[in-house]
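A.B. asks:
Numbering (UniProt numbering), first residue to last: 1 to 528.
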């Protein structure tokens with residue numbers, strides 16, 4: 001047995017189990033009968049638990065999956081085996097469909113089964129078309145949801161009270177009962193514009209019922225008589241909401257209700273000629289009440305409008321010869337100008353969404369202006385054009401950065417690292433026409449030698465001073481320091497004036513020597 005047939009057998013067993021559950025709730029007297037009759041309808045007051053509904057729905061879904069698989073197999077290989085399997089799958093689903101549908105009692109079950117039913121109809125049509133050799137033309141149902149509100153009466157309760165003042169047997173309405181009202185919101189499922197399911201979303205009491213209170217007489221009294229009286233009573237109409245697939249969405253149409261008339265016969269009891277109670281004997285409808293119906297639209301709203309669009313019309317280019325222009329030279333005599341084309345469309349919208357567009361007219365409202373280009377025909381001697389590369393170097397200035405040195409006396413500056421200028425190399429491509437430069441283009445611009453920053457140490461060490469003779473500055477030391485400072489400034493100025501060559505190294509050594517001389521003078525002064 002093939003894998004496909006084994007799978008089909010398993011689905012059939014699951015279907016039989018599900019059919020057992022469904023038929024037990026639909027028609028318990030058929031539970032022991034293996035054949036399920038699809039036309040039998042479940043009792044109105046019976047409900048299948050959600051778990052059983054899901055089991056039946058899942059079994060039917062597996063049947064649809066099997067049909068879909070068999071359709072693919074038969075399409076790929078239309079042999080007798082695949083045909084037999086497809087026919088069997090379709091027949092099995094047909095036998096199961098009505099029973100499964102009738103088993104869906106809850107609104108949730110009916111709503112979920114609606115999707116399976118739509119899929120079943122599509123697959124069945126496709127399978128039957130394949131088996132008959134006709135091309136399948138499945139029509140996907142259009143499913144929509146709409147919310148409507150209905151009102152229902154809430155019957156009023158009734159109770160009796162004894163009244164010792166009323167004659168015995170007398171019944172008197174002390175407080176008339178008034179029916180209440182509740183508002184129910186429904187979710188309506190529309191398939192191709194027709195209602196296929198209705199689910200209750202909410203229920204709210206908008207008017208509480210008023211209790212009826214009837215007084216019952218207990219007082220012993222005189223002569224009691226009974227007579228029959230026939231009267232006409234008005235019957236209030238009800239209100240309901242329906243969907244009108246021929247009415248545009250968002251619109252409503254109301255059919256006004258009319259009160260009915262009932263002919264009611266009462267048995268009236270009187271005591272001493274006074275009516276004490278009346279009992280309804282019969283009621284006959286003389287004129288039926290007509291419900292007030294509010295229709296809500298479900299038809300798509302189709303509108304059209306015109307839209308205008310402009311497009312550029314490219315200009316044409318025409319060439320004319322000019323014997324005064326050098327051969328190969330082109331010159332625009334008349335500039336071209338694009339024209340404007342105006343297109344008018346008739347656009348169709350369905351429920352506000354564009355569904356069609358037809359071109360109504362297309363007109364050139366501004367003609368394009370042709371571009372006239374003069375082409376030279378005069379013979380000229382071609383110039384001698386040559387190119388060569390030229391290289392140029394430029395100096396790059398270095399930056400001066402200062403850092404503090406707590407070991408140097410405050411106000412002292414010394415060069416720690418001498419600055420050095422960099423070099424930028426620029427390469428040009430130079431064009432010569434008949435030996436004269438006619439063009440120069442920078443080909444490259446590269447820093448071939450980066451500049452070296454100059455690092456200058458700035459002293460921050462505080463030098464103590466007193467008024468004693470021993471602390472007086474040595475004129476020689478002071479002079480040396482002044483001379484050192486002057487030499488440092490001179491060296492710094494010389495450094496800035498000199499190019500970045502061997503002179504910079506010599507300057508750096510001079511500065512270092514001056515710094516050491518200043519430090520030695522400072523140490524000698526401290527010893528003194």
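Ideal placement from N, C-alpha and C gives every residue a C-beta, glycine not left out.
Since the model is a prediction, treat every value here as computed from it, not as a measurement.
Any contact of the segment 414-422 with the segment 445-457, i.e. 3+ C-beta pairs under 8 Å?
C.D. replies: Flag = yes, the segment 414-422 and the segment 445-457 touch.
A.B. asks: Starting from residue 67, follow its DSSP beta bridges and name the residues at the other end.
C.D. replies: Answer is none; residue 67 lacks a bridge partner.
A.B. asks: Can you name, in chain order, every residue of its own chain whose Cβ lies under 7 Å from the Cβ of residue 438, other than the five neighbours on each side?
C.D. replies: Result list for residue 438: 431, 432, in chain order.
A.B. asks: Could you check what DSSP says for residue 168 in three-state terms: helix, strand or coil?
C.D. replies: Here residue 168 sits in coil by DSSP.
A.B. asks: How would you write the range of the alpha helix (DSSP H) that residue 81 sits in, first residue to last?
C.D. replies: Looking at the DSSP string, the run of the alpha helix (DSSP H) that includes residue 81 is 80-103.
A.B. asks: Could you tell me if residue 155 is buried or exposed, where buried requires 16 or more neighbouring beta carbons within 10 angstroms of its beta carbon?
C.D. replies: Classification of residue 155: exposed, given that the 10 Å Cβ count is below 16.
A.B. asks: Give the single residue among 87, 54, 78, 80 whose Cα lies nearest to the Cα of residue 66.
C.D. replies: Residue 87 is the option with its Cα nearest to residue 66.
A.B. asks: Would you call the segment 198-207 and the segment 256-269 in contact, with 3 or more CB pairs under 8 Å?
C.D. replies: No, the segment 198-207 is not in contact with the segment 256-269.
A.B. asks: Return the Cβ separation of residue 344 and residue 333 in integer angstroms, given the expectation that the two are a contact with Cβ distance under 8 Å.
C.D. replies: Their Cβ separation, rounded to whole angstroms, is 36 Å, which puts residue 344 and residue 333 out of contact at 8 Å.
A.B. asks: Please report the straight-line C-alpha distance between residue 195 and residue 307, rounded to a whole angstrom.
C.D. replies: Taking the straight line joining both Cα atoms gives about 37 Å.
A.B. asks: Using only CA atoms, which one of 449, 337, 327, 341 lies nearest to residue 398?
C.D. replies: Nearest option by C-alpha distance: 449.
A.B. asks: Can you tell me whether residue 156 is helix, strand or coil according to DSSP?
C.D. replies: Correct three-state label for residue 156: coil.
A.B. asks: Quick check: the segment 265-282 against the segment 235-249, are at least 3 beta-carbon pairs closer than 8 Å?
C.D. replies: Taking 8 Å as the limit for Cβ pairs, the verdict is that the segment 265-282 does not touch the segment 235-249.
A.B. asks: Ignore the nearest five residues each way along the sequence and tell me which others in residue 318's own chain have a CB closer than 6 Å to its CB.
C.D. replies: Answer for residue 318: 370, 372, listed in chain order.
A.B. asks: Give me the DSSP bridge partner(s) of residue 274.
C.D. replies: Partner(s): 271.
A.B. asks: Alpha carbon to alpha carbon, how far is residue 105 from residue 47? Give it in angstroms, no decimals.
C.D. replies: Interpretation of residue 47 is limited by its pLDDT of 44, a score under 50 that renders its predicted location unreliable; the figure taken from the coordinates is listed afterwards. The alpha-carbon atoms of residue 47 and residue 105 are separated by roughly 5 Å.
A.B. asks: Using C-beta distances below 6 Å, list every residue in its chain close to residue 212, excluding the 5 sequence neighbours before and after it, in chain order.
C.D. replies: Same-chain partners within the cutoff: 156, 158, 177.
A.B. asks: Taking the C-alpha atoms as reference points, what is the distance between residue 400 and residue 427?
C.D. replies: Spanning the two alpha carbons is a distance of roughly 29 Å.
A.B. asks: Which parts of the segment 167-250 are runs of the beta strand (DSSP E), unbroken and 3 residues or longer, counting only runs that do not cross its ends?
C.D. replies: DSSP runs (the beta strand (DSSP E)) wholly in the segment 167-250: 171-175, 180-191, 194-207, 212-219, 224-235, 239-248.
A.B. asks: Express the C-alpha separation of residue 270 and residue 174 in angstroms, rounding to a whole number.
C.D. replies: C-alpha separation (whole angstroms): 18 Å.
A.B. asks: If you count every other CB in all the chains shown that lies within 10 Å of the CB of residue 435, and 16 or more means buried, which is it?
C.D. replies: Answer is exposed; the Cβ neighbour count stays below 16.
A.B. asks: Mind checking residue 100: buried by the 16 CB within 10 Å criterion, or exposed?
C.D. replies: Buried, by the Cβ-count rule.
A.B. asks: Does the Cβ of residue 493 have 16 or more other Cβ atoms within 10 Å, making it buried, or fewer, making it exposed?
C.D. replies: For residue 493, the predicted model reports a pLDDT of 43, less than 50, meaning its position is unreliable; a value from the coordinates is still stated below. Looking at its Cβ environment, which holds fewer than 16 other Cβ atoms inside 10 Å, residue 493 is exposed.
A.B. asks: Throw me the rounded Cβ distance for the residue 265 and residue 282 pair, which I believe falls under 8 Å.
C.D. replies: At roughly 5 Å, the Cβ-Cβ gap stays under 8 Å, so residue 265 and residue 282 are in contact.
A.B. asks: Could you have a look at residue 134 and say whether DSSP puts it in helix, strand or coil?
C.D. replies: If DSSP states are grouped into helix, strand and coil, residue 134 belongs with coil.
A.B. asks: What are the partner residues of residue 107, as DSSP defines its beta bridges?
C.D. replies: DSSP lists no partner for residue 107.
A.B. asks: DSSP three-state label for residue 379, please.
C.D. replies: It is coil, neither helix nor strand.
A.B. asks: Could you tell me which of 223, 324, 181, 51 sits nearest to residue 170, measuring between CA atoms?
C.D. replies: Comparing Cα positions, the closest option is 223.
A.B. asks: Quick one: is residue 350 buried, meaning 16 or more other Cβ sit within 10 Å of its Cβ, or exposed?
C.D. replies: The residue in question, residue 350, is exposed, as its Cβ has fewer than 16 Cβ neighbours within 10 Å.
A.B. asks: Have a look at residue 162 and residue 200 and give me their C-alpha separation to the nearest angstrom.
C.D. replies: So the alpha carbons of these two residues sit roughly 43 Å apart.
A.B. asks: Just list the residues that DSSP pairs residue 297 with in beta bridges.
C.D. replies: BP columns for residue 297 point to 244.
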